[in-house]
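Following: one structure in structure tokens, then a few remarks.
2 protein chains.
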Amino acid sequence: MLTERQLLILKVTVDDYIQSAQPVGSNQLAKKSGISFSSATIRNEMADLEGMGFLEKTHTSSGRIPSERGYRYYVDHLLTPRPLPKEDIIQLRSIFEDKISETEEVIKRSAMILSELTNYTSILLGPDVRRHIVKKLSIVPLTTNSAVAIIVTDSGHVENRVFPIPEGLNPSEIEKMVNILNERLVGVSLYDLHTRLEQETMMVMKQHMERYGELFSTFRQAVILPREKNVYYGGKLNILNQPDFHDLHKIRSLMDVMEESEHIPMIIPVGNQGLHIRIGSENALSAMEDCSVITVSYDIGEEQTGSIAIVGPKRMDYKRIVSLLDTLSGDLSKELTRIFRK
Amino acid sequence: MLTERQLLILKVTVDDYIQSAQPVGSNQLAKKSGISFSSATIRNEMADLEGMGFLEKTHTSSGRIPSERGYRYYVDHLLTPRPLPKEDIIQLRSIFEDKISETEEVIKRSAMILSELTNYTSILLGPDVRRHIVKKLSIVPLTTNSAVAIIVTDSGHVENRVFPIPEGLNPSEIEKMVNILNERLVGVSLYDLHTRLEQETMMVMKQHMERYGELFSTFRQAVILPREKNVYYGGKLNILNQPDFHDLHKIRSLMDVMEESEHIPMIIPVGNQGLHIRIGSENALSAMEDCSVITVSYDIGEEQTGSIAIVGPKRMDYKRIVSLLDTLSGDLSKELTRIFRK
DNA sequence: TCTTAGCACTCGCACTATAAGAGTGCTAAC
DNA sequence: GTTAGCACTCTTATAGTGCGAGTGCTAAGA
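As structure tokens, this is what we get:
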């Protein structure tokens, strides 16, 4: 329903605004190469585009800026992904250059490099630790009444927590317990660990081993307490660089929202496969109504997935970010699957 | 050299400015209870105080604000610590209410509560992990050529890292190695672990156990790689609430500086015992020239120490913060020593 | 000699007026 | 259908004005 010329004008307008952050005027556009009609024509077309809701004016006699609908159309129909420049590729590859063998480290690095490359904020979600499989459990006594519980998963992830133990339990008893735990719980996912531990506790209690039951139950409590999420940030402060954000209150609430881990699922919907772009009020959180978020998933092996998100202004360099995320998602999947398989 | 009246005026001026963030005028001061002389007299005294460098004007006909020297004098001579209000004490005590048995958790909570209580940014340094003593070493094989190294210290702290192992090492060989490691390295501080591991590697190599030597040496490398510092923050975003900070660039560089762990020793000088106040340009970092930093140390047992710092504007509520930190330092020392001893 | 009332003076700030500039919408001619 | 021309709108920058808060100084009073 949009004419060729309207498409061209919309595209150039969005591109220009993304680049300059200034409302785009008809004269300015007419000067661009690739535009072979006069500013008056452009004015007419722009008025039409505004009528259709793709552009808006900041005030009566200003140039135009893209509306959310305009960005959406741009993203859906006018985005011509171009190959990444060499420098970007080199930078991205540098994430993997020193063969780190820990998933967590690779993700951390990705978050950092990505934010440097984009000047936006990056949020990376690691794979769901709860789906990892218990490789080994151990209990290391610290004092007469405390010990540290350690769970190693098949991914090399280590969970640990100090917990109280019944007074006067001797080391060989603990060892016996640990053996029972390992016999029965190795191979179980962290997700199932809680219920399984409950069953084991019942079992032990039934056999009238009260003291062990107590140990089991505190061990269980220690193990289920929520640990920090595996969310990694890069360039949290980059928001402060964006000319689009100047209102301290908005910045504050945006930063607040991003740090709060309970909001993360609202920013990055879980289970979203592939690349997604959420523009302005398309985001679930009102604090992000001036932001665009681009998310992409990556795979580790066949079953596990993680997510990458870039949070920036609506006036985001969509073309570049999409290419970057596409590439990084692929690279990350390959590298993390390699680490995982190895 | 300052008269009683000048002291009084200086004190009231600083107090007022701390509270209102507005330059203090003579009329305004004259109205205060406790002031029994006219605004003209106050004007004269203020002019003197300005001459001596304790006060300054923001412009010719404005009220006065304290100069850095003024704050310094106030802090050194006019600070009458008053007992903490009940609410504050209750809040502080809430840090310890659910008997957490992990140093790290307690410190994290302290950072959080402290920032909520002050509306400033808190930075807490945990005890130097490198001085902790190895309680147990273990190696959990993940695949044929990777394993995770785990070090548990006497404090319950767990360091872990995935590292490559020579292909085809069988579990019993690894177990043997772990036994050797434990026999020889339990009781060594993390600080000494590196050199001690080097010696052990040499020893193993001498006995022509090349494959074990390789394991030892990669284990060593894995273990010395720097892990994140034990620095905990609270209220990083509180800076954005302060009316004193409005320049986005300054805010940005201040936040940058605080996040960068290499700058931490410049913010909190290590080995500083007791309470210290650094005002404006007294701080080592130029990004903090508009800030005041109050630091206090706390003890864990007889040997270990940590630090608490509050970063806020120069117009900081010194009285309150000093009382808070004094109390928290004491409470934290008691609680962490208890956990440590237990 | 110290204190204070009085007063002229200085700025910052908020408000208004004005001019310049960028951009628009509309009309009429091509 | 396109475009030149033009009146119009609105922002931004700059200057001018009045008000208010606050100062410094002077001179009178204690």
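Chains as they are written, first to last, in our numbering: chain A, 4 to 345; chain B, 4 to 345. For glycine and all other residues, C-beta sits at the position ideal for the given N, C-alpha and C.
Continuous alpha helix (DSSP H) stretch holding residue i: start and end
i                            : result
proline 174 of chain B       : 174-188
serine 118 of chain A        : 106-121
phenylalanine 219 of chain A : 213-227
tyrosine 321 of chain A      : 321-344
arginine 85 of chain B       : Here arginine 85 of chain B belongs to no alpha helix (DSSP H), and DSSP marks it neither H nor E.
alanine 290 of chain A       : Careful: alanine 290 of chain A lies outside any alpha helix (DSSP H) and carries neither H nor E.
asparagine 30 of chain A     : 29-34
isoleucine 38 of chain A     : Premise fails: isoleucine 38 of chain A is in no alpha helix (DSSP H) and is neither H nor E.
leucine 95 of chain B        : 89-97
Residues near residue i in its chain [Cβ-Cβ closer than 7 Å; skip 5 each side]
i                        : result
glycine 304 of chain A   : Thr340, Phe343, Arg344
arginine 318 of chain A  : Tyr20, Ile21, Ala24, Asp247
isoleucine 45 of chain A : Ile12, Ser29, Leu32, Ala33
valine 325 of chain A    : Leu82, Pro84, Leu278, Ile297
lysine 35 of chain B     : Val15
Residue from the options with nearest C-alpha to residue i
i                         : options                                : result
glutamate 306 of chain B  : B:Pro130, B:Ala290, B:Val234           : B:Pro130
methionine 115 of chain B : B:Lys239, B:Pro268, B:Asp250           : B:Lys239
proline 272 of chain B    : B:Val296, B:Leu257, B:Glu262, B:Glu292 : B:Val296
glycine 66 of chain A     : A:Glu186, A:Leu52, A:Glu213            : A:Leu52
glycine 333 of chain B    : B:Glu186, B:Glu285, B:Ser113           : B:Ser113
serine 104 of chain A     : B:Pro246, B:Phe248, B:Ala225           : B:Ala225
valine 234 of chain A     : A:Leu95, A:Leu196, A:Val132            : A:Val132
glycine 277 of chain B    : B:His252, B:Ser336, B:His266           : B:Ser336
glutamate 90 of chain A   : A:Asp101, A:Pro84, A:Lys60, A:Thr121   : A:Thr121
aspartate 259 of chain A  : B:Asn244, B:Ser264, B:Phe248, B:Asp259 : B:Asn244
proline 144 of chain B    : B:Ser192, B:Tyr74, B:Tyr123, B:Leu218  : B:Leu218
histidine 135 of chain B  : B:Val161, B:Glu285, B:Ile110           : B:Val161
glycine 171 of chain B    : B:Asp195, B:Thr146, B:Lys179           : B:Thr146
serine 264 of chain A     : A:Leu127, A:Glu213, A:Gly56, A:Lys139  : A:Leu127
threonine 221 of chain B  : B:Thr63, B:Lys232, B:Gly274, B:Val165  : B:Val165
leucine 328 of chain B    : B:Ile242, B:Tyr123, B:Glu213           : B:Tyr123
methionine 55 of chain B  : B:Thr204, B:Gln9, B:Ile92              : B:Gln9
threonine 16 of chain A   : A:Leu58, A:Leu5, A:Thr44, A:Ala43      : A:Leu58
proline 174 of chain B    : B:Gly73, B:Tyr215, B:Thr6              : B:Tyr215
proline 169 of chain B    : B:Pro316, B:His249, B:Met212           : B:Met212
Boundaries of the beta strand (DSSP E) in which residue i is found, first to last residue
i                         : result
glutamine 307 of chain A  : 307-316
histidine 279 of chain A  : 279-282
leucine 58 of chain A     : 58-60
isoleucine 354 of chain B : Only positions 4 to 345 of chain B appear in the structure, and residue 354 of chain B is not among them; the question remains open.
Close beta carbons around residue i, own chain, < 6 Å, minus the five adjacent residues each side
i                         : result
valine 78 of chain A      : Ile280, Tyr321
serine 14 of chain B      : The identity of residue 14 of chain B in the sequence shown is lysine, whereas the question assumes serine. Excluding residues within five positions, the ones whose Cβ falls inside 6 Å are Leu81.
isoleucine 142 of chain A : Ala150, Ala152, Ile177, Val181
isoleucine 98 of chain A  : Arg112, Ser113, Ile116
lysine 253 of chain A     : none
glycine 309 of chain A    : Leu128, Gly129, Pro130, Tyr301
histidine 266 of chain A  : Val260
valine 110 of chain A     : Going by the sequence as given, residue 110 of chain A is isoleucine instead of valine. Taken in chain order, the residues that qualify are Leu127, Gly129, Tyr235.
Under 9 Å between C-beta atoms of residue i and residue j
i                         : j                         : result
isoleucine 12 of chain B  : glutamate 48 of chain B   : yes
isoleucine 270 of chain B : serine 125 of chain B     : no
leucine 87 of chain B     : glycine 237 of chain B    : no
proline 167 of chain A    : asparagine 148 of chain A : yes
serine 158 of chain B     : threonine 106 of chain B  : yes
isoleucine 311 of chain B : leucine 331 of chain B    : yes
glutamate 201 of chain B  : arginine 187 of chain B   : no
proline 26 of chain A     : threonine 83 of chain A   : no
arginine 85 of chain B    : glutamate 285 of chain B  : no
aspartate 293 of chain A  : leucine 257 of chain A    : yes
glutamate 203 of chain A  : isoleucine 183 of chain A : yes
Own chain residues within Cβ distance below 8 Å of residue i, not counting five before or after
i                         : result
asparagine 163 of chain B : Val151, Ala152, Ile153, Ile154
serine 41 of chain A      : Ala33
threonine 156 of chain B  : Val132, His135, Ile136, Val137, Lys138, Glu162, Leu193
For residue i: DSSP bridge partner residues
i                        : result
proline 167 of chain A   : A:Ser149
glycine 237 of chain A   : A:Ser125
tyrosine 301 of chain A  : A:Gly309
threonine 156 of chain B : B:Val137
glutamate 162 of chain A : A:Ile154
proline 144 of chain A   : A:Ala150
proline 69 of chain A    : A:Leu58
valine 296 of chain B    : B:Arg281, B:Val314
serine 192 of chain B    : B:Ile136
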